[in-house]
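Protein chains in written order, with my numbering: chain L, 4 to 626; chain C, 4 to 626.
All C-beta atoms, glycine included, are put in the ideal place defined by N, C-alpha and C.
Take a look at the structure set out below.
There are 2 protein chains.
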Amino acid sequence: MDRATLIPVLRNAATQLRIDSLTSTSEAASGHPTSCCSAADVMAALFFSEMRFDPGSPRNPLSDRFVLSKGHAAPILYSAWAEAGAFDRAELLKLRRMDSDLEGHPTPRLPFVDVATGSLGQGICAAIGIALNARRIKSDYRTYVLLGDGETAEGSVWEAADVGSMDGLDNLCGITDVNGLGQSRATMWQHDMEQFARRWRAFGWHAIVVDGHDLTAILDALDEARATKGRPTMILARTIKGKGVSFAEGKDGWHGRAFKKGEELDRALAELEGQRVPGVTVTAASLIRKPPAAPAEGPSPKSVAPPTYKLGDKVATREAYGTAIAKLGEADARIVALDADVKNSTFSDRFEKVFPDRFYQNFIAEQVMVGAAMGFAARGAIPFPSTFACFLARAADFIRMAAISQVGIKMAGSHAGVSIGEDGPSQMALEDLAMCRAQPNITVLYPCDAVSAEKLVALSAYHPGPAYIRTSRPQTPVIYANDETFTIGGLKVLRQSGDDVATVIGAGVTVFEALKAYDALKASGTAIRVIDLYSVAPVDRDGLVAAARATGGHLITVEDHYAAGGIGDAVAEAVADAGFRVHRLAVREIPRSGKPDELLDRFGISARYIADAVRSVASAVAQ
Amino acid sequence: MDRATLIPVLRNAATQLRIDSLTSTSEAASGHPTSCCSAADVMAALFFSEMRFDPGSPRNPLSDRFVLSKGHAAPILYSAWAEAGAFDRAELLKLRRMDSDLEGHPTPRLPFVDVATGSLGQGICAAIGIALNARRIKSDYRTYVLLGDGETAEGSVWEAADVGSMDGLDNLCGITDVNGLGQSRATMWQHDMEQFARRWRAFGWHAIVVDGHDLTAILDALDEARATKGRPTMILARTIKGKGVSFAEGKDGWHGRAFKKGEELDRALAELEGQRVPGVTVTAASLIRKPPAAPAEGPSPKSVAPPTYKLGDKVATREAYGTAIAKLGEADARIVALDADVKNSTFSDRFEKVFPDRFYQNFIAEQVMVGAAMGFAARGAIPFPSTFACFLARAADFIRMAAISQVGIKMAGSHAGVSIGEDGPSQMALEDLAMCRAQPNITVLYPCDAVSAEKLVALSAYHPGPAYIRTSRPQTPVIYANDETFTIGGLKVLRQSGDDVATVIGAGVTVFEALKAYDALKASGTAIRVIDLYSVAPVDRDGLVAAARATGGHLITVEDHYAAGGIGDAVAEAVADAGFRVHRLAVREIPRSGKPDELLDRFGISARYIADAVRSVASAVAQ
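As structure tokens, this is what we get:
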């Protein structure tokens, strides 16, 4: 369509998006209409000229993708999809209501949202994964991501910038809505467009500065972005917050404020209505170009090769993790792995060696690693991002948003606990179980040996939703046969007799401390039950209660983790309603460097402490 | 001293630092000697020519500061301080041993370490706070921070870059040790120095590229940095990993690997010994220039103005927080506040209005906000960084390192829980208590009304170590008199009688749900005890046990937080050894947008659910 015909249609679409953004937020009596108004022309150009998508089939894997990184502009996203015909415009008036999926910030409850946004600086990281996924499935779909200007203060944006240029993602186009006003004050650089341009150029992106309310300029920039090869493009759109409503335009104090129904809203809407170009008969929706039809499903995954260890082999679970993802990759083309320059410690390099095209290096940037994994998962891949467990905390807010998004990222954290030894506390994850367990929908798995590590990694891949696999640095003996079966939500009873005076529940390295304590106690005539709690969330409540009932109600947990939020708490909540309590052994102070075994003992989670705890239980029983 | 005399002394110092780094890591059989070798010349120039400090009094508040952001080069830091005379060189051979404070990565157990490093990209954020602190105390001390090149992939580095240039920190000098090799592979930009320079220049820093093994060039660059006004300087030092040991120089596979004692180490040491410049009699330590003598302590803090509310006033705790820090700022010049562009929501703008010189805007960049607070706290300030509670998760890894550092940052998170309402899950903190409780040394406070908010904020300021204050969005009635006293580790019994059938434990907004349940139950003849658990960590174990004993052992917790890691777990662990269990009401699924009251009910933490829980307890009692 020629520009002369196109522009008035887009102009009217932009006006409609502004009107919808105002009416819906005013009806809700909250929201960010002025943050929508600044982006309206860009949104109109994207949705009704640039992107190929099917409003009736938003999940089509070959359609262009749009990520609203500035998630607080949700109303204009909803309006664009309504204008496109995805749903009835009247739904917009349910914005922010409990009975509507049109939430205050976008979530994948809506079929056209890939990942939840609203925590700034995350959408662009997801967009990296979405753009990389196009390469994986050999599609030419393009990925668009709209950021706020204030948002670019987030470091995660620059992690994404580095990865985007490093990977030459010319199928990715960012647009920054530079309206110059943050929540509480003017943004760092306001309308100094050169500040933005020189940053993006320094990070290797093609940067284009445009007037964000000039549709011709926007369309030209989108053309230029599409023609730019070998690197992503960032369109820096100079805009006015509240554009279209004279009394709000460029004014402080209008962030996160709806227009008051009545005179204030009426005045604003009257202004906007006056901006409609008369005589335009073509609808915006009619301009939308459809993507290719969705392809048939790929080949079904093959079965994963079983473990091939010998009982007693000494293998670190982190190493078995590397073996496991390489085997998974062989069985299923959807498996991808992401690293943050520790692949030789997490053993994810075993995957890279076999599948270099499905291995994504993020260098030392955990936020974009997890964010890109979210994008991959949203587009049908099964991503395994991994790093030292403690450094997953760098991406804690991404993990929070992954849980909200309910996307199937399969995180693996190595080097858990004080058992890493000499590197000291900065490298010891002692709160990672708490971080992941806190989310109500993250599966948390913690293998103690190589066989369970391989099996649990494979289980995690096909279990819906996010998962976390905790691995350890030290080599531990293989205790399970290669054909042992594991289930998410299960546990293993490793030692039991009719005379057990207590149940000791360990996981990971502490399983072996528990087994040592078993041997020591047995030598002095005391029998205990030993459980490997390899599934920390969900937890096998019935199995734990049964063990408690069989062992005098005495449950002792022992974990290479801080006391709060980990295995002790998981077990305690599970057995509470059956009337049982838990005695917990855990790390209770900031640790320090030392040898692994020394540290297990120094911080109270060694076999000696377990045996003491059992003896104190047993003596209480004897009294 | 003239350069001709100086350079050989520095050259020998650098050789000594390399030798020490090798011998200490070989003795420990682990560590990162090659990462030390690349930095040795820079370290020698900094410690023995550039910086003013007193090896005998490393904490002197007027001395120049050095932060080793690339914390894995700890051995060379220790060697530099040994060479300076701070301790006996023989101590270096205890590196990484449990009986030594010379840990694998630096921690403030050592008097010359301000903040723990070892999680990359954090030291430079702390350095921002340390440099800002110089302005606060009107000192001309300078702050130096040494980064690795791989480290600059971390987004937090660019958050610091923005704040550093925005604040014109010309008393801050970074040095990037560009050795081109990461842990698992070559770094993103290897030795392409322009990639680094253009990034730092784009972010407004003065950037200088030097040969990092040319002492003259390094000294010139440090001179140039000192002479540069209005912006910070980043010296980009092109170096060779393993410099000085020919068979390790610039080779992959040497990261995190000690030289094997015996032939390998001997060969390396022989090479290094051969690099000593003969005939130098001046010691490096003799060159150190001392800082001014430490000043007398500042004025004692005044007492904080008491709250001035009327019972029943409706005030959000976040608003009382703003009032509280403004009052604290009046009483104590050490109080500073840091924001991430939400000051009008957290009410930290009340502090800014009165003390603009002690208010630090970080824009939307939570990592540098918390990191800078760590730097402030390490240098004697009492920093209050605040944002929405959910966005503190962006800085979770910084909070982890703050706990390891044991520094007194006083974090405040507003907008906790589903009670924020319409903005939806991305803005709701439901795992913040778990995040902070997981650390063994973070004080966690959660006021329910304006009086307790003011009092708890003041208590947090003077309690050692990190603290977290959780505030809420909705207005809640004032229930405490202005002269009510609170203690860290305390609780308040709000309702009690001799007939109480259960104790309901709330905090924040759920206190009011508990009080509503009390009224409803009382109307039907059932009495309950109601506790405001305003101190979540530490928790008042004795008070909880007493309540349990007095109310039939029935404890019900109710929290606007996910079930794992929060108040339920805190209470359950506290009362376990006394034989009590806890019935928990908490948010157990991903929430959604809606009205606050609707959401409290939808997610099972409203008065109605509390009353039901009490009735089920009471009926169980009656049976």
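TODO: Below 9 Å between beta carbons is the criterion; list the residues of the segment 547-574 of chain C that meet it against any residue of chain L, in chain order.
DONE: His564, Tyr565, Ala566, Ala567, Gly568, Gly569, Gly571, Asp572 and Ala573
TODO: State yes or no: is the beta carbon of glutamine 626(C) nearer than 9 Å to at least one beta carbon in chain L?
DONE: Note on glutamine 626(C): pLDDT 46, under 50, position unreliable in the model; no value is reported.
Task: Whole-number beta carbon distance between glycine 233(C) and aspartate 664(C), since they are thought to touch under 8 Å - done: Outside the displayed range of chain C (4 to 626) lies residue 664(C), so it cannot be described from this structure.
Task: For proline 78(L), three-class secondary structure by DSSP - done: helix
- [ ] Report yes or no: is there a C-beta of chain L within less than 9 Å of the C-beta of isoleucine 613(C)?
- [x] no
Task: Coil, strand or helix - alanine 523(C) by DSSP - done: helix
Task: Touching by the beta-carbon criterion (3+ pairs, under 8 Å), the segment 522-532 of chain C and the segment 421-433 of chain C - done: no
Open item on the list: If we define contact as Cβ-Cβ less than 9 Å, is asparagine 182(C) a contact residue for chain L?
Closed with: no
TODO: Alpha carbon to alpha carbon, how far is cysteine 451(L) from valine 514(L)? Give it in angstroms, no decimals.
DONE: 7 Å
Open item on the list: Taking 8 Å as the cut-off, does the segment 339-350 of chain L touch the segment 365-373 of chain L (at least 3 CB pairs, one atom from each stretch)?
Closed with: yes
- [ ] Mind checking the segment 591-616 of chain L against chain C and listing, in chain order, the residues whose C-beta falls within less than 8 Å of any C-beta there?
- [x] Arg591, Glu592, Ile593, Arg595, Ser596, Gly597, Lys598, Glu601, Leu602 and Arg605
TODO: List the DSSP bridge partners of proline 111(L).
DONE: In the DSSP output, where bridge partners are listed per residue, proline 111(L) has none listed.
Task: Sequence-distant residues of its chain with Cβ nearer than 7 Å to glutamine 186(C) (five each side left out) - done: His258 and Gly259
Open item on the list: Using only the alpha-carbon positions, how far apart do alanine 415(C) and leucine 65(C) sit?
Closed with: 29 Å
Task: alanine 575(C) beta carbon less than 9 Å from that of alanine 579(L) - done: yes
- [ ] Can you give me the Cβ contacts of leucine 275(L) inside the same chain, cut-off strictly under 8 Å, excluding the 5 residues immediately before and after it?
- [x] Thr18, Arg21, Ile22, Leu25, Gly247 and Val248
Open item on the list: With three or more beta-carbon pairs closer than 8 Å as the criterion, would you say the segment 26-34 of chain L touches the segment 195-211 of chain L?
Closed with: no
- [ ] Could you name the residues of chain L that phenylalanine 206(C) contacts, counting a contact when the two beta carbons are closer than 7 Å?
- [x] Arg202
Task: Cross-chain neighbours of proline 443(C) in chain L, by beta carbon under 9 Å - done: Leu433, Tyr565, Ala566, Ala567, Val590, Arg591, Glu592 and Ile593
Open item on the list: Applying the 10 Å Cβ sphere with the 16-neighbour rule, what's the burial state of methionine 54(L)?
Closed with: buried
Open item on the list: Could you tell me which whole beta strand (DSSP E) segments of length 3 or greater appear in the segment 296-354 of chain L?
Closed with: 317-319 and 338-342
Open item on the list: My output table needs one value for serine 389(C): the three-state DSSP class, helix, strand or coil.
Closed with: strand
TODO: Could you name the residues that DSSP lists as bridge partners for phenylalanine 184(L)?
DONE: In the sequence as displayed, the identity of residue 184(L) is leucine instead of phenylalanine. Paired residue(s): Ala189(L).
Task: Neighbourhood of valine 481(L) by C-beta distance below 7 Å, restricted to the same chain and skipping five residues each side - done: Tyr312, Lys313, Leu314, Gly315, Asp316, Val318, Asp452, Ala453 and Val454
- [ ] Helix, strand or coil for tyrosine 465(C), going by three-state DSSP, please let me know.
- [x] helix
- [ ] Kindly provide the ranges of any beta strand (DSSP E) runs that are 3 or more residues long and lie completely inside the segment 125-178 of chain C, ordered along the chain.
- [x] 146-151
TODO: State the Cα-Cα distance for the pair glutamine 626(C) and proline 61(L), rounded to the nearest angstrom.
DONE: Annotation note: pLDDT 46 at glutamine 626(C) (below 50); position unreliable, coordinate value reported separately. Distance between the alpha carbons of glutamine 626(C) and proline 61(L): 56 Å.
- [ ] Determine, using beta carbons only, whether valine 590(C) and glycine 607(C) come nearer to each other than 9 Å.
- [x] yes
Open item on the list: Can you tell me whether serine 72(C) is helix, strand or coil according to DSSP?
Closed with: coil
Task: Straight-line Cα distance separating glutamate 434(C) from leucine 395(L) - done: 15 Å
Open item on the list: Below 7 Å on C-beta distance, what does glutamate 425(C) contact in chain L?
Closed with: Ala31, Ser33, Arg99 and Gly107
Task: Beta-carbon neighbours of tryptophan 161(C), restricted to chain L and to distances below 7 Å - done: Gly158 and Trp161
Task: Proximal chain L residues relative to glycine 74(C), where beta-carbon distance stays under 8 Å - done: Ser429
- [ ] Please confirm if alanine 579(L) has its CB atom under 9 Å from at least one CB of chain C.
- [x] yes
- [ ] Return yes when the C-beta of leucine 96(L) is under 8 Å from any heavy atom of the ligand MG, and no when it is not.
- [x] This structure lacks the ligand MG, and indeed carries no ligand of any kind.
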